Structures are given as C-alpha cells and as structure tokens.
Amino acid sequence: MANGNVITTHGLTKRYGSSITAVDTLDLEVHRGEVFGFLGPNGAGKTTTLRMLLGLIRPTAGSAVVAEHRPGDPEGLRRIGSLVESPAFYPYLSGRENLKIMSDYAGVSHTRVDAALEEVDLADRAKDRFGTYSMGMKQRLAVAAALIKDPEVMILDEPTNGLDPQGVVEMRALIRRLGSGNRTVMLSSHLLNEVQQISDRVAIIRKGKLVAQGTVHELRGESAIVVRVTPVDAARRQLDRMLGAAAVTAVDGTLRLSVDPNKAADINEALVGAGIKVSELRAVERTLEEVFLTLTGEAA
Amino acid sequence: MINSFKADWRKLRQRPAVWVLGGIMLTALLLFGYVIPWLQLAFPSANFRPDPGTTLQQMKAALYPINFLKNSLTGVGIIGGILTLILGALVAGGEFNWGTVKTVYTQRPGRLQTLAGQVGVVSVIAAIFAVAFYLVAAAASLIIALSDGSTITWPAAIDVFKALGATWLIFESWSLFGIALAYLFRQSAMAIGIGLAYVLAIEGILFRLLSGFNAGWLTTVEKFFLGQNANALIQSFGHTVARGAATAPLISAGQAVMVLALYAIVFAAIASLVVRTRDVT
Numbered sequence: 016m017a018n019g020n021v022i023t024t025h026g027l028t029k030r031y032g033s034s035i036t037a038v039d040t041l042d043l044e045v046h047r048g049e050v051f052g053f054l055g056p057n058g059a060g061k062t063t064t065l066r067m068l069l070g071l072i073r074p075t076a077g078s079a080v081v082a083e084h085r086p087g088d089p090e091g092l093r094r095i096g097s098l099v100e101s102p103a104f105y106p107y108l109s110g111r112e113n114l115k116i117m118s119d120y121a122g123v124s125h126t127r128v129d130a131a132l133e134e135v136d137l138a139d140r141a142k143d144r145f146g147t148y149s150m151g152m153k154q155r156l157a158v159a160a161a162l163i164k165d166p167e168v169m170i171l172d173e174p175t176n177g178l179d180p181q182g183v184v185e186m187r188a189l190i191r192r193l194g195s196g197n198r199t200v201m202l203s204s205h206l207l208n209e210v211q212q213i214s215d216r217v218a219i220i221r222k223g224k225l226v227a228q229g230t231v232h233e234l235r236g237e238s239a240i241v242v243r244v245t246p247v248d249a250a251r252r253q254l255d256r257m258l259g260a261a262a263v264t265a266v267d268g269t270l271r272l273s274v275d276p277n278k279a280a281d282i283n284e285a286l287v288g289a290g291i292k293v294s295e296l297r298a299v300e301r302t303l304e305e306v307f308l309t310l311t312g313e314a315a
Numbered sequence: 068m069i070n071s072f073k074a075d076w077r078k079l080r081q082r083p084a085v086w087v088l089g090g091i092m093l094t095a096l097l098l099f100g101y102v103i104p105w106l107q108l109a110f111p112s113a114n115f116r117p118d119p120g121t122t123l124q125q126m127k128a129a130l131y132p133i134n135f136l137k138n139s140l141t142g143v144g145i146i147g148g149i150l151t152l153i154l155g156a157l158v159a160g161g162e163f164n165w166g167t168v169k170t171v172y173t174q175r176p177g178r179l180q181t182l183a184g185q186v187g188v189v190s191v192i193a194a195i196f197a198v199a200f201y202l203v204a205a206a207a208s209l210i211i212a213l214s215d216g217s218t219i220t221w222p223a224a225i226d227v228f229k230a231l232g233a234t235w236l237i238f239e240s241w242s243l244f245g246i247a248l249a250y251l252f253r254q255s256a257m258a259i260g261i262g263l264a265y266v267l268a269i270e271g272i273l274f275r276l277l278s279g280f281n282a283g284w285l286t287t288v289e290k291f292f293l294g295q296n297a298n299a300l301i302q303s304f305g306h307t308v309a310r311g312a313a314t315a316p317l318i319s320a321g322q323a324v325m326v327l328a329l330y331a332i333v334f335a336a337i338a339s340l341v342v343r344t345r346d347v348t
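Line by line, the protein sequences are chains G and P. The working numbering puts the first residue of the first sequence at 16, with every later residue one more than the last. The working numbering puts the first residue of the second sequence at 68, with every later residue one more than the last.
This is the structure:
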C-alpha cells in the first residue's frame, strides 16, 4: 500500500462459461481514506466485482489486492467490513446474538458488539430477533456487523437497497460518518444522487468494462452559464471581449459560457450595461446521473 | 478453527430445530423402545403370544437395565441415524437458505476453518445425542425394572462405552452425509430429500438388486454400503432375546467401524472440496 491504494485490481475478469463475461479486464484503484462510488447499470458486474474483492468469487483472470492481501485471505478479511447485497443473518437469533457470532468468527472481543449497535442506532432493538427487523434495521445491523472488526476498509454493495426515504437519509449520514477519518469506503449504488453527495471518487462500469474513473468533479466536467439575450450578435461580441471567444458557444438560440457560475452577476451587469436585454441567465452543471447515463449509453 | 467452533456452537445451541430433532429421537426411543413394548407386555391382549421360542418374562427382561444398550440400539438406532442426517443437512443447508454463508465467509476465518468448526460442533451435538439416548434408555429401563420389582443389574462399563462410541460413529457418519449433501445442493430441502430417499429406499433397492447376482465381487460391494454397515454395527451388540440359531453376520463389527469412519472422512472431504472450490454467488 506504499502507493496509497487500499484496493487495486489489474485485469480482473470473471467469465461464466464461454459466452458470459461478467467482469472484463477491470483496473481499479481505491485510495486510502476516500469514499469510492462504484456505479453501473443492473447487470454491469458491480456485485460480481465486489464479491471477487471479498474472495466469495474467484476471478477467471487478473488479480486484486485488498488491504494488502489477496481477496479471501483471513488476515485481509480481518481488516475489511462488508455488506454484500441483502443483509443475511440468523432469523431465530437477536441482533446482539448475531453480532456476537460474527465477532466470534472474526476473532474479536464481544465488547465491541454494543458499541457497534450504538453506532448504527440499533441498541434499543438489540434483544429482538433478526427475523422481526424492518429492512432498514437489517441493513443497519449488517453495517454494525462490518463495524465490529473496526475495519480500515468497508465494502458496501447497495447499502440503501429497499430503504424508505428516511432510511436512505439515515444510511447516507451513516456512510458519511464511516468514511470520515482514515477509513476507506467502497460502495456500489443505484442512487446516483447519493453517490454524488458522499463520494470522493467514482468508477463507472458497463457490461463488465470500466468506462470512467476519477473524482466526481472530473467526471461531471466543467460547469457553465447559459444566457438567452437579445440581440444575440451584440451580446456575443460583448462576451467574446469579456471572456475570450473560446469560452462562448452558441447553442439553440442561447449562448453557453464556459466560466465559473459565480461570475453570473458580473456577466449580467456587463450585458445590461451594454444595452442588451437578458431574458434568462442560469448556471448549468452536469449531474453525475447525466454523466452516468451518457457513459453507460442509457440516456433516452 | 477455535473461533469458528465458538461461533457455530453459539449459533446451534440456540437453534430450536437442533433440539427438536433430539427431542424426536428421545421420544421415539421412549415410545418404541420402552413405553409401547412395556404396555404390550404388562397388559397383554387376549391374542398376545410371545415371540416363538421366548417367554413373556424373557420379553419383559429385554426392557430391564441389563439390556438397555441392546434394546435401545437395535430398536431405535436407525431412527437416530436418520435424524442426525437431517441435522447435518439443516446445519449446513441453513447457511445457504438464509444467505448467511456470504456473511460468514467475509468474516475472518477461511472457508475450511469455517467448515471444520461446523463439523466439530455437529460432532459434539451427535455426542450429546448419543449420551442423551442412553441416559433416557437407562432411566426408562430402571423405572420399568423397579415397577416390576426386578433386581437391577447394569451392563459392564466397557460395553456402555463401546455402545456410546458406536452410536456416536453412526450418528457422525450420517450427519456428515447430510452436511456433504447440503453443500453439494446448496440447500437443506434437497439434501434432506435425497438423504432420506437414500436411507429409506435407494440403498435397499440396490442391495436387493445386487443380491440377485451370483458374482463374488458384488457380495464384496454389498459390504460397503453406508446403511448396511450402520446396521451391522448395531446388530453386533446382539439381540435382547435369542431368536433361533444365530447366523454369521455379513459384515463384522470391526469392518463396520472402519467403513463408517471411512464414510465420515469421505463425506468431510467432499464437503471440503465443494467449500474450497465453489463460488458463493
């Protein structure tokens, strides 16, 4: 981990038979201490990738290193907390007993169990059987199970699946807390707005292949200002002088200005001062969802 | 291994199905081994006739403490085997049914250590079942002997230990059969179904078919069926009441022990291979 990567994959590939390639020569780098969003449409290979990183599935080709160990290595798993798809525990046991079992498997003291339950706000229902829990409580118990090892890496597969809006907000806050400090969090999600809000960097895969990897800002690209003005030619000359011709593009009767949206007031003042009528002036930023839909070819 | 054992012990000691199976086994032992036979002998109907060559008193004596090992093992031992097969299938298959296999495998221990802990705990439960089996049989036989005013004589301690060991081995081999089936089919229902079909039908059919051939090697094959060897080990403890001239058993007790131990090892090896190589999807 001298290079600061907690998770690295090189050419990671998983094929089923000769016709299905679930993950195709995937190269990923997840840096220490970051929240890393892992995005892709259904069937893109996200869960297969995460399962390979946890040693649940063996890759057909390529390699991966997670927390300085090969996937599935007991010493590596000691440093990884995970939630893979739906949370799975023993329904006849209480939340606390389930966590004690997981701490036995992990070889850590039961004293961490209550702290983990507190962390996910489940202490008051810890005595109840897992089978009676709501989906949100089950998800939170799964996060608590990941926390009892005090892991340096957390791998969360669709942690907001099945949660109601309140549950999503709570889970988002929880993931933010988990990702603070030196802990690294890698999460896959369909909720792009959630990922955009909490991730430092993201990777997008499509049909098993990596199509983009970088910071959220890098992927969203430059922000801009769109103005609708009359007359357009006079406005363009004014803006060319003010911003440089390269920053001004005509698009469908409007002018798109590649500048910091914070300059909107200055631009408005300059145009009005030059006798140009401004009927619309707005900042435009591509959302991660727009980037995602463009890159995965799912845009309408 | 120790961590996995602790986790599985915590898990299984609280699982109702485990103790329900044990309860069924002990209930079957009490009912079919003691209560019903004693009622038949204590209050014989007008049509009741002792088994040929035996007296009513001899048949009653079969229920007394001196015979509690033979009576319980020959009468109900096979039911215990079937129930421990179900136990093994439930323990291993439950992890797939609930999806907990992925939760467990992403904790610390390796897959084989997890399996070893599971097999260890099932072995302990099989031992608890075996001990409980004979404690209940001994208690039932004591009550019957006291109620009949008979003198109390117990089998030799070495015979008790032999019976305990044999019963544990039978339970262990059947439970490992259930575990191996559950890992192969990744569920408990199919494992229990196939296991019961084998115990109750498939082996018997195969045994009858092979018996129809007059080839020496087929007779040898017959000596290596799981159920045949479990039965041979049970029968090696003898019958409570002599019935006609004794015939030489097809399988000796020594061979049965060896074959059952071999089956336990093979089933554990099959489960290990599946656990080690299969993806958890």
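Note that beta-carbon positions come from the ideal geometry of N, C-alpha and C, so glycine has one too. In this text, all values refer to a predicted model and were calculated from it rather than measured experimentally.
- Message: List, from N- to C-terminal side, the beta strand (DSSP E) runs of 3 residues or more that fit wholly inside the segment 113-173 of chain G.
- Response: Those beta strand (DSSP E) runs which fall completely within the segment 113-173 of chain G and span 3+ residues are 168-172.
- Query: Who does P/A264 pair with in a DSSP beta bridge?
  - Reply: Your numbering for residue 264 of chain P matches position 197 in the second sequence. P/A264 is not bridged to any residue.
- Message: If you measure between the beta carbons of G/A79 and G/L68, is that distance less than 7 angstroms?
- Response: As a working note, residue 79 of chain G is residue 64 in the first sequence. As a working note, residue 68 of chain G is residue 53 in the first sequence. Yes, the pair counts as a contact, with Cβ atoms nearer than the cut-off.
- Query: For G/M16, is the classification buried or exposed, using 16 other Cβ atoms within 10 angstroms of its Cβ as the cut-off for buried?
  - Reply: Reading the first sequence from its first residue, position 1 is the one you call residue 16 of chain G. Note that G/M16 scores a pLDDT of 45, beneath 50, so its modelled location is shaky and nothing firm can be said.
- Query: Does DSSP put G/T23 in a helix, a strand or coil?
  - Reply: Position 8 of the first sequence, counted from the first residue, corresponds to residue 23 of chain G. Looking at G/T23 - three-state DSSP - the assignment turns out to be strand.
- Message: So, at 7 angstroms on beta carbons, what are the nonlocal neighbours of P/A264 in its own chain, with the 5 sequence-adjacent residues on each side left out?
- Response: If you number the second sequence from 1, residue 264 of chain P lands on position 197. So the list is empty, once near-sequence residues are dropped.
- Query: How should G/D275 be labelled, buried or exposed, when 16 other C-beta atoms within 10 angstroms of its C-beta is the threshold for buried?
  - Reply: Position 260 of the first sequence holds residue 275 of chain G. It is exposed - the Cβ of G/D275 has fewer than 16 other Cβ atoms within 10 Å.
- Message: Using a Cβ-Cβ cutoff of less than 8 angstroms, which residues in the same chain neighbour G/I190 once the five nearest sequence positions on both sides are dropped?
- Response: Reading the first sequence from its first residue, position 175 is the one you call residue 190 of chain G. Here G/I190 has V50, L171, P174, V200, L202 and I213 as same chain residues with Cβ atoms under 8 angstroms from its own Cβ, once five neighbours each way along the sequence are excluded.
- Query: Within 10 angstroms of its Cβ, does P/Q124 collect 16 or more other Cβ (buried), or is it exposed?
  - Reply: Translated into the one-based positions of the second sequence, residue 124 of chain P becomes position 57. That one is exposed.
- In the structure shown, what three-state DSSP assignment does P/Q302 receive? Counting from one through the second sequence, the residue named residue 302 of chain P turns up at place 235. Three-state DSSP puts P/Q302 in a helix.
- Can you name the start and end residues of the alpha helix (DSSP H) that P/F196 belongs to? Stepping through the second sequence from its first residue, residue 196 of chain P is reached at position 129. In this chain, the alpha helix (DSSP H) harbouring P/F196 covers R178 to D215.
- Item | Residue span of the alpha helix (DSSP H) that contains G/D281, given as start and end | The residue given as residue 281 of chain G occupies position 266 in the first sequence. Taken as a continuous stretch (DSSP letters only), the alpha helix (DSSP H) holding G/D281 covers A279 to G288.
- Message: I'd like to know whether the C-beta of G/M117 is nearer than 7 angstroms to at least one C-beta of chain P.
- Response: Taking the first sequence and counting its residues from 1, the one referred to as residue 117 of chain G is at position 102. Cβ-Cβ to chain P under 7 angstroms: yes for G/M117.
- Does the beta carbon of G/R111 sit closer than 7 angstroms to a beta carbon anywhere in chain P? On the first sequence, residue 111 of chain G is found 96 positions in, with the first residue counted as 1. Chain P contact via Cβ: absent.
- Query: Among P/A199, P/L273 and P/F110, which one has its Cα closest to the Cα of P/L140?
  - Reply: Mapped onto the second sequence, residue 140 of chain P falls at position 73. The shortest C-alpha separation from P/L140 is found at P/A199.
- Message: Any C-beta of chain C within less than 8 angstroms: which residues of the segment 236-268 of chain P qualify?
- Response: Included in the structure are the protein chains G and P, with no chain C among them.
- Message: Do G/F145 and G/G110 count as a contact pair if the criterion is CB distance below 7 angstroms?
- Response: One-based indexing of the first sequence puts residue 110 of chain G at position 95. One-based indexing of the first sequence puts residue 145 of chain G at position 130. For the 7 angstroms CB-CB criterion, G/G110 and G/F145 form a contact.
- Message: Are the CB atoms of P/G166 and P/G245 within a distance shorter than 7 angstroms?
- Response: Here residue 245 of chain P corresponds to residue number 178 of the second sequence, with the count starting at 1. Here residue 166 of chain P corresponds to residue number 99 of the second sequence, with the count starting at 1. The answer is no: Cβ separation not under 7 angstroms.
- Message: Can you confirm whether P/V158, when its beta carbon is compared against all beta carbons of chain G, has any partner nearer than 7 angstroms?
- Response: Taking the first residue of the second sequence as 1, we reach residue 158 of chain P at position 91. Judged by the 7 angstroms Cβ criterion, P/V158 is not in contact with chain G.
- Minimum C-alpha distance to P/K229 - residue among P/G305, P/N114, P/T286 and P/T170: Position 162 of the second sequence holds residue 229 of chain P. Between P/K229 and the set P/G305, P/N114, P/T286 and P/T170, the nearest pair of CA atoms involves P/G305.
- Task: Could you check the C-alpha separation between P/Q302 and P/M68 for me, to the nearest Å?
- Result: In the second sequence, counting from the first residue as 1, residue 302 of chain P sits at position 235. In the second sequence, counting from the first residue as 1, residue 68 of chain P sits at position 1. Spanning the alpha carbons of P/Q302 and P/M68 requires a straight line of approximately 36 angstroms.
- Short Cβ contact (7 angstroms threshold) for G/E167 with G/R187: As a first step, residue 167 of chain G must be located in the first sequence, where it is residue number 152. As a first step, residue 187 of chain G must be located in the first sequence, where it is residue number 172. The answer is no: Cβ separation not under 7 angstroms.
- How long is the line joining the alpha carbons of P/G147 and P/F238, rounded to whole angstroms? Here the question's residue 147 of chain P lines up with position 80 in the second sequence. Here the question's residue 238 of chain P lines up with position 171 in the second sequence. Between P/G147 and P/F238, the C-alpha separation is close to 7 angstroms.
- Straight-line CA distance for P/A233 to G/G151? Indexing the second sequence from 1 puts residue 233 of chain P at position 166. Indexing the first sequence from 1 puts residue 151 of chain G at position 136. Distance between the alpha carbons of P/A233 and G/G151 is about 49 angstroms.
- Message: Measuring CB atoms only, is the segment 245-254 of chain P touching the segment 127-138 of chain P, in the sense that at least three cross pairs come out at less than 8 angstroms?
- Response: By the criterion of at least three beta-carbon pairs nearer than 8 angstroms, the segment 245-254 of chain P is not in contact with the segment 127-138 of chain P.
- Message: Can you confirm whether the segment 286-301 of chain P touches the segment 214-231 of chain P when touching is taken to mean that 3 or more C-beta pairs between the two stretches lie within less than 8 angstroms?
- Response: Judged by Cβ distances under 8 angstroms, the segment 214-231 of chain P makes no contact with the segment 286-301 of chain P, as fewer than three pairs qualify.
- Cα separation between P/G120 and P/A299? For the purposes of this step, residue 120 of chain P is identified with residue 53 of the second sequence, where counting begins at 1. For the purposes of this step, residue 299 of chain P is identified with residue 232 of the second sequence, where counting begins at 1. Rounded to the nearest angstrom, the two C-alpha atoms are 24 angstroms apart.
- Query: In the segment 290-307 of chain P, which residues sit with their C-beta less than 8 angstroms from some C-beta in chain G, listed in chain order?
  - Reply: Against chain G - using a Cβ distance shorter than 8 angstroms - the segment 290-307 of chain P contributes no residues.
- Among G/V247, G/E305, G/G236 and G/G223, which one has its Cα closest to the Cα of G/P74? Numbered from 1 along the first sequence, position 59 holds the residue referred to as residue 74 of chain G. For the residues G/V247, G/E305, G/G236 and G/G223, the minimum Cα distance to G/P74 belongs to G/G223.
- Please name the residue or residues paired with G/G229 in a DSSP beta bridge. Sequence index remark: in the first sequence, residue 229 of chain G carries index 214 (1-based). DSSP lists G/V217 as partners of G/G229.
- Decide if P/Q107 is buried, meaning its Cβ has at least 16 other Cβ atoms within 10 Å, or exposed. For this step, residue 107 of chain P is matched to residue 40 along the second sequence. When all chains shown are included, P/Q107 counts as exposed.
- Query: Can you name the start and end residues of the beta strand (DSSP E) that G/D39 belongs to?
  - Reply: Residue numbering aside, residue 39 of chain G sits at position 24 when the first sequence is read from its first letter. Secondary structure note for G/D39: its beta strand (DSSP E) is the uninterrupted segment I35 to H46.
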